[in-house]
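A short worksheet on the structure shown next.
Chains as they are written, first to last, in my numbering: chain C, 1 to 135; chain X, 1001 to 1107.
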């Protein structure tokens, strides 16, 4: 069977829009089907795998960190990179200029640094490309 | 013939841009292409029978799918969906995206 590969371009920062959740669901579903996935994170999306993210308690509800089980996007991405470390492969590239602008260089293991040229290469080598822009 | 997937994430009551997606989907279908509109996030709010929004897409032969996760988040049951709209998983979207000769547009 012909190799299938999907490229996604993401732009939304974490905890801003349901777009991030949907994108992570698409990546997860594609990997489960054995489809290779490329992600090019642009603008605020470079903060999705930020290592400094920390789960928090909820003082309004009076819950602790453990009770709240606050999901962080870095944890989701780490899990997806673990699933996609061999076959199928998940390649996650953060836009380097966007990273520098935001001071967002401390990312989880497996995230690469690149440029829009990487996105162009990813798109030309993929079965399809989905751009999920900010509103 | 090409395949087109329009992914509508926006609430039709929040943005009139959703009308543009509807118009484009119908126009592409009329030109003989295979067209799917996948409703996700607040886009599923248009899928309810009571809203009566997407009838002309169904009449035009556009495939209408509504993301099950988004429906559940918003308390919309499958039996509330308008005729011609089917509940679907994100798997169906992934399957459609990796078909050859397919163009995908997120809105």
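C-beta atoms are modelled at their ideal positions from N, C-alpha and C, and glycine is treated no differently.
- Message: Can you find the residues in the same chain that come closer than 6 Å, C-beta to C-beta, to residue 7 of chain C, ignoring five residues on each side of it along the sequence?
- Response: 38, 122, 123, 126 and 129
- Query: residue 101 of chain C: which of C:18, C:44 and C:29 sits nearest, CA to CA?
  - Reply: Nearest option by C-alpha distance: C:44.
- Let me know if residue 1072 of chain X comes out buried or exposed under the rule of 16 or more other beta-carbons within 10 Å of its beta-carbon. Residue 1072 of chain X is classed as exposed because its beta carbon has fewer than 16 other beta carbons within 10 Å across all chains shown.
- Message: Nearer than 7 Å: is that true of the beta carbon of residue 1041 of chain X relative to any heavy atom of the ligand HEM?
- Response: Of the ligands one can find in the structure shown there are none, so the ligand HEM has no counterpart to examine.
- For chain X, is any of its Cβ atoms less than 8 Å away from the one on residue 10 of chain C? no
- Which residues DSSP lists as bridging residue 60 of chain C, in chain order: Answer is none; residue 60 of chain C lacks a bridge partner.
- Message: By the three-class DSSP mapping on this structure, what secondary structure does residue 1080 of chain X have?
- Response: Residue 1080 of chain X: helix per DSSP, three-state reduction.
- 8 Å Cβ cutoff met for residue 27 of chain C and residue 80 of chain C: yes
- Task: Consult DSSP for residue 135 of chain C and reduce its assignment to one of helix, strand or coil.
- Result: coil
- Following the continuous alpha helix (DSSP H) through residue 66 of chain C, name the residue where it begins and the one where it ends. 65 to 68
- Item | Proximal chain X residues relative to residue 137 of chain C, where beta-carbon distance stays under 8 Å | The structure shown does not extend to residue 137 of chain C, since chain C is modelled only from 1 to 135, so the question has no answer here.
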